[in-house]
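Student: One structure coming up, written as structure tokens, with questions to follow.
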């Protein structure tokens, strides 16, 4: 028989005596002494957890003890990731979900009632807005959207029914950068909850909770996981506001599985390192494209001519790996020819992994919309979105240069 | 506790830190030491780690040995055993054995000063004749591969003991469900855990179980010194696979028995090798040393040339053309060109692996579906 391992992780050892982003990436959320004295957290694949006797169950139920019970209510690996993310985001707590959309839906379902309404900046992820416009409205929740970064329009859209103000920052693929302090202040002044989807910036580049918003949302599938090999989502905020979110997750069931949570924990260890490189590659690629005669325009918050460069420079550590650009005098096929000619980035949706990806939003995400609808989304045919990975910038630039030549 | 209960519970105690009903996967390569005094259950994962230890513990229990040791592959386990031999030692091996073991003995050990004698181990007199003063190890497969010959484990154990040699049984095909060589006097049992123990074609692994603690200690020393250990994810999947091992092996053996009986009646089939058939030369020994079935491998020869055999294995729709065996999916292959291609052609023919031999690894599909699949393949070959 195997000797049982008698080590209990001590939650008090989870506090890391440091605040550097890389130190937090490596250590935050993890017990210093882990089960079995393992240097890394083991994967608890168990779906259920046992109690020594009935009295232990009664104590658990009556005293609200923090312990595992059944996998739908969470698992130890998921808790480690939640604590790590809370530390990285400078929040009190975080709740992990099986995908970014599950996190978004879980948050709204926990806090929105029939009769409430929600105001969006209009460059938010189209699936997030679709969920509110087509589905939450079926339950009597109103939906409005205003032009991104038009703070006066947003404030004017607030009614006594308004429960949530929602934006991404930066937005995707337009890369508009929100003045998060101003956004948070509008919410606070009007008694409305505020949510920033910080998927594109990550806690390395921006900390919206410190700027006063109530919730930060991440599609952890992107930079946080960082290796294009998992799906996950998270909401970070105050413990009090997240408690109903966690409780509802236990009913709706969109938890993050143990194997997945482990990969996320592992990915987070290199978050600061990867983000430094994503930021540097994004900046270098954007500068190269801005000087290329075949490129009509580049959208990247790190470029001085970007409409939100000033606020980005003031509030962000770096500007991420996503670069959006428009080819000069190109229709959708000529644009596609450039994408088809690149050799290093793979063609595909998503972003944030170590591998660079490239796509034409008109084809990849908006093919089934009419030209008028695409114009409404501000998705022209000649738009290219490149998600820079962590390859060497010189290689990415040489590849893009060759593709722009070949496809001419 | 009975076999299946042990398969489910040994090494699988609820985790003391949180009550998890399935023990966690410890991926750690190193372990934090509670104190700098050398007293720790685990320090570095090559020497031992909790998840591998759990798998080793359950297999030691199932095989009835003192110690289990898990390896990166079946060949890594086999190699570790043979590292107990020294130049000048003599190894006696069966002829109806896995092609990879054959290659290790004849192309690796033989060139490093260890003499090898291959003998038909179903003939105990021949085994005795092959042994000499330098013989330190007798290597058998209770159920041979690919001809499914049956070797008398207890008889070989008596001969090995008399000669002062270790008896090692590669029990991959019979599994501890049907046959436990350590209970019949073998010193070490070896399994390719890739096969029935894993059971799902999704891992590579090997296993040794030693009957005596001191042999187990020697093997662990060698495993730690040479390093081909099983990783934590594989160990976890093996623990998971072992929980259904008995159910799978019984069901797959029952289906194999039915298919062997059916094949025996087919005009196109010249010969069926399956120890469950009363006509099989190994049946008497098998009926005595196996319990609950005769295994899930069947091999047979069709009345056709090698092209006919190749057409047959390319015509099945459920049986998939692949080497390996022991998983829930049924597989089919031609040993002469696939699993036993490592034999020199003369050696292969000498041990009875004909060009037209077809080997089935019977999976967990419905027996009727598999029988229909073989029938349609038979028709395809007959109609050409």
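Protein chains in written order, with the working numbering: chain A, 1253 to 1660; chain X, 2 to 385.
In this text, a Cβ means the ideal position worked out from N, Cα and C, and glycines have one as well.
1) If you reduce the DSSP assignment to three classes, tell me which class residue 1544 of chain A lands in.
2) Do we get a CB-CB distance below 8 Å when we pair residue 1291 of chain A with the residues of chain X?
3) Look at the alpha carbon of residue 1311 of chain A and the alpha carbon of residue 1423 of chain A, and state the distance between them as a whole number of angstroms.
4) With a threshold of 16 other CB atoms inside 10 Å of the CB of residue 1257 of chain A, please say whether the residue is buried or exposed.
5) For the putative contact between residue 57 of chain X and residue 66 of chain X, defined by C-beta atoms under 8 Å, what is the C-beta separation to the nearest angstrom?
6) When you compare only the Cα positions, how much space is there between residue 1549 of chain A and residue 1636 of chain A?
7) At 7 Å on the CB atoms, spell out the chain A contacts of residue 197 of chain X, in chain order.
8) Run the CB neighbour count on residue 45 of chain X, radius 10 Å, all protein chains shown included, and call it buried at 16 or more, exposed below.
9) So, at 7 Å on beta carbons, what are the nonlocal neighbours of residue 216 of chain X in its own chain, with the 5 sequence-adjacent residues on each side left out?
10) Suppose the cutoff is 7 Å on Cβ atoms and the five residues either side in sequence are ignored; what does the same chain contact list for residue 411 of chain X look like?
11) Which chain C residues are close to residue 303 of chain X, counting only those with a beta carbon under 8 Å from its beta carbon?
12) Put residue 296 of chain X into one of helix, strand or coil per three-state DSSP.
13) Is the CB of residue 1319 of chain A under 8 Å away from at least one CB in chain X?
14) If we ignore side chains and look at the alpha-carbon of each, how far apart do residue 165 of chain X and residue 191 of chain X end up?
15) Since residue 1575 of chain A sits in a beta bridge, which residues does DSSP pair it with?
16) What residues in its chain sit with their C-beta under 6 Å from that of residue 15 of chain X, if we drop five residues either side in the sequence?
17) Using a Cβ-Cβ cut-off of 7 Å (strictly less than) and excluding sequence neighbours within five positions of residue 28 of chain X, which residues of its own chain qualify?
18) Quickly, what does DSSP pair residue 1346 of chain A with across the bridge? List them, please.
19) Sort A:1267, A:1277, A:1483 and A:1648 by Cα distance to residue 1526 of chain A and report the nearest one.
20) Going along the chain, which residues of its own chain have a beta-carbon closer than 7 Å to the beta-carbon of residue 1651 of chain A, five neighbours each way excluded?
21) Does the beta carbon of residue 203 of chain X sit closer than 8 Å to a beta carbon anywhere in chain A?
22) Between which two residues does the alpha helix (DSSP H) harbouring residue 1336 of chain A extend?
23) In chain A, which residues lie less than 7 Å from residue 15 of chain X when you measure between Cβ atoms?
24) Which of the residues in the segment 19-43 of chain X, read from start to end, lie with their CB under 9 Å from any CB of chain A?
25) Checking 8 Å against the spacing of the C-beta atoms, do residue 1602 of chain A and residue 1473 of chain A come in under that value?
26) At 9 Å on the CB atoms, spell out the chain X contacts of residue 1269 of chain A, in chain order.
27) Under a Cβ-count criterion, where at least 16 other Cβ atoms within 10 Å of its own Cβ denotes burial, should residue 222 of chain X be classed as buried or exposed?
28) Using a Cβ distance threshold of 8 Å, determine whether the segment 1374-1384 of chain A contacts the segment 1503-1523 of chain A, with at least three qualifying pairs required.
29) Is there contact between the segment 1517-1525 of chain A and the segment 1270-1288 of chain A, where contact requires at least three CB pairs shorter than 8 Å?
30) Just the C-alpha distance for residue 8 of chain X and residue 278 of chain X, rounded to the nearest angstrom, thanks.
31) Near residue 1299 of chain A, what residues of its chain come up, given a Cβ to Cβ distance below 8 Å and the 5 sequence neighbours on each side ignored?
32) Taking 8 Å as the CB-CB cut-off, is residue 4 of chain X touching chain A?
33) Below 8 Å on the Cβ atoms is my guess for residue 1461 of chain A versus residue 1470 of chain A; work out the distance and round it to an integer in Å.
34) Quick check on the DSSP output: what are the complete alpha helix (DSSP H) runs of length 4 or more inside the segment 214-280 of chain X, in order along the chain?
35) What does residue 1322 of chain A pair with, by DSSP beta-bridge criteria?
36) Tell me whether the beta-carbon of residue 1451 of chain A lies closer than 8 Å to the beta-carbon of residue 1420 of chain A.
Tutor: If we stick to the structure as given:
1) coil
2) yes
3) 47 Å
4) With a pLDDT of only 47 at residue 1257 of chain A, under 50, the local geometry of the prediction cannot be trusted, and no value is derived from it.
5) No, residue 57 of chain X and residue 66 of chain X are not in contact; Cβ-Cβ is about 10 Å, not under 8 Å.
6) Using only the alpha carbons, I get a separation of about 11 Å.
7) Here the premise fails: no neighbours, minimum Cβ distance about 22 Å.
8) exposed
9) 188 and 189
10) As displayed, chain X neither begins before 2 nor continues past 385, which places residue 411 of chain X out of reach and without an answer.
11) Here the protein chains are A and X, and chain C is not one of them.
12) coil
13) yes
14) 20 Å
15) For residue 1575 of chain A, which the question treats as bridged, DSSP gives the partners A:1638.
16) 22
17) Here residue 28 of chain X has 233 as same chain residues with Cβ atoms under 7 Å from its own Cβ, once five neighbours each way along the sequence are excluded.
18) A:1488
19) A:1277
20) If we look at residue 1651 of chain A and ignore the five residues flanking it on each side, its Cβ neighbours are 1594, 1595 and 1596.
21) no
22) 1328-1341
23) Those are 1302, listed as they occur along chain A.
24) Within the segment 19-43 of chain X, those residues whose Cβ lies closer than 9 Å to any Cβ of chain A are, in chain order, 19, 20, 21, 22, 23, 24, 25, 26, 27, 28, 29, 30, 31, 32, 33, 34, 35, 41, 42 and 43.
25) yes
26) Neighbours of residue 1269 of chain A on chain X: none; closest Cβ ~17 Å, over 9 Å.
27) exposed
28) no
29) yes
30) 29 Å
31) 1322 and 1323
32) No, residue 4 of chain X does not count as interfacial toward chain A.
33) The Cβ separation is near 12 Å, so there is no contact.
34) 214-227, 233-243 and 246-265
35) A:1300
36) Cβ atoms of residue 1451 of chain A and residue 1420 of chain A: closer than 8 Å.
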